[in-house]
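These notes concern the structure reproduced below.
Residue numbers (the working numbering): 74 to 434.
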């Protein structure tokens, strides 16, 4: 068994899709979008071939994310998979090293992945990026009769895109989405996927949108129960208090009726304090432990700090870990962290930063 590690050939896409569907739950239609992405190229799909068969693969995705009026390139790692009969030979580790070489040879600032096996990736140079997630217990809340929330229609895309840009233009770490991204990566044409998006209307006037995801778990008796409801994103022309209050009421009502144990609010920490906590006094924050990050060229990170501040970086920044430096750069930290970074927080204060679930890979 002599493995070959290389880039995928375009004619091998069907075989790669089959590999991923053998290892992961989603069907081919889910994975096809990786190849339909306009930024995809064969070098971004690293594969291991044994005796003429693809037995392991790793996917790189290219994403532009916001950083205070600028954009930087992020490399996402996805679909790290090895067929069961070929595990234990280090194929995935070797492919990850190959992916690192590809990423480091291009203009990416950092890499991001989501995993539950941190030890494996830590050995390869990745660091946990712990983020805070607001959660609350569902409450029975009624809606004002003037308000209505309806599922989106295909021709709602232009207004949803507009509201997304209006809301997240000043949110570092969010992905810059063009129309192709919405249609291909976010699968706007897929009715099943669109069912999680809602338009908020007051007296018949569309004022914003929100996206909701339902999380299930298997109960002791084998039945499927709702574990949580997530508000995964929202958008509007302006953050009107009445609109925000109605969104909170709608999400709470949906979660309470579904019997969800809690609600996950994917909003930035400053926004959670500003408009969630007044309506949800019991709001809590739990750590998201799935994200991990890697920087291949630290000098690019220091250049990003200098571009952001317009001055040479303080010496203290170079003592931070990669994960700490990225949290500071994007403002991905709370007031409780400011004591630790008191000398740096004035130049690099907390910002309404977050990464939205729909942009995961």
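By construction, the Cβ of each residue, glycine as well, lies at the ideal position given by its N, Cα and C atoms. In this text the structure is predicted, and so the values were computed from the model without any measurement.
Can you give the beta carbon distance from residue i to residue j, rounded, assuming they're within the 8 angstroms contact cut?
| i | j | result |
| --- | --- | --- |
| residue 155 | residue 128 | 6 angstroms |
| residue 247 | residue 427 | 7 angstroms |
| residue 425 | residue 244 | 5 angstroms |
| residue 284 | residue 306 | 5 angstroms |
| residue 379 | residue 385 | 6 angstroms |
| residue 202 | residue 396 | 5 angstroms |
| residue 356 | residue 350 | 5 angstroms |
| residue 157 | residue 232 | With a Cβ gap of about 46 angstroms, residue 157 and residue 232 do not count as contacting. |
Does the separation of the CB atoms of residue i and residue j fall below 8 angstroms?
| i | j | result |
| --- | --- | --- |
| residue 107 | residue 132 | yes |
| residue 328 | residue 182 | no |
| residue 188 | residue 363 | yes |
| residue 109 | residue 257 | yes |
| residue 53 | residue 324 | Only positions 74 to 434 of the chain appear in the structure, and residue 53 is not among them; the question remains open. |
| residue 381 | residue 141 | yes |
| residue 366 | residue 161 | no |
| residue 255 | residue 234 | yes |
| residue 70 | residue 236 | With the chain represented from 74 up to 434, any question about residue 70 goes unanswered, as that position is not in the structure. |
| residue 77 | residue 116 | no |
| residue 101 | residue 94 | yes |
| residue 326 | residue 214 | yes |
| residue 112 | residue 135 | yes |
| residue 130 | residue 105 | no |
| residue 322 | residue 271 | no |
| residue 299 | residue 332 | yes |
What number of angstroms, rounded off, separates the C-alpha of residue i from the C-alpha of residue j?
| i | j | result |
| --- | --- | --- |
| residue 334 | residue 301 | 6 angstroms |
| residue 400 | residue 124 | 44 angstroms |
| residue 192 | residue 228 | 45 angstroms |
| residue 360 | residue 320 | 24 angstroms |
| residue 250 | residue 419 | 30 angstroms |
| residue 374 | residue 149 | 17 angstroms |
| residue 433 | residue 82 | 25 angstroms |
| residue 273 | residue 138 | 27 angstroms |
| residue 79 | residue 416 | 46 angstroms |
| residue 407 | residue 342 | 7 angstroms |
| residue 393 | residue 421 | 14 angstroms |
| residue 219 | residue 230 | 24 angstroms |
| residue 353 | residue 205 | 17 angstroms |
| residue 297 | residue 269 | 19 angstroms |
| residue 75 | residue 186 | 29 angstroms |
| residue 153 | residue 164 | 10 angstroms |
Which residues does DSSP pair with residue i in a beta bridge?
| i | result |
| --- | --- |
| residue 370 | Answer is none; residue 370 lacks a bridge partner. |
| residue 163 | Its beta-bridge partners do not exist; DSSP assigns none. |
| residue 303 | 286 and 337 |
| residue 224 | 271 |
| residue 127 | 122 |
| residue 132 | 118 and 151 |
| residue 85 | In the DSSP output, where bridge partners are listed per residue, residue 85 has none listed. |
| residue 146 | 137 |
| residue 450 | Since the displayed the chain opens at 74 and closes at 434, residue 450 lies outside it and no answer follows. |
| residue 347 | DSSP output for residue 347 lists no bridge partner at all. |
| residue 80 | 119 |
Quiz item: So does the region 314-333 actually touch the region 189-197, counting three or more Cβ pairs closer than 8 angstroms?
Solution: Taking 8 angstroms as the limit for Cβ pairs, the verdict is that the region 189-197 does not touch the region 314-333.
Quiz item: Can at least three beta-carbon pairs, one atom from the region 334-347 and one from the region 204-214, be found at a separation below 8 angstroms?
Solution: The region 334-347, when compared against the region 204-214, does touch it at the 8 angstroms Cβ threshold.
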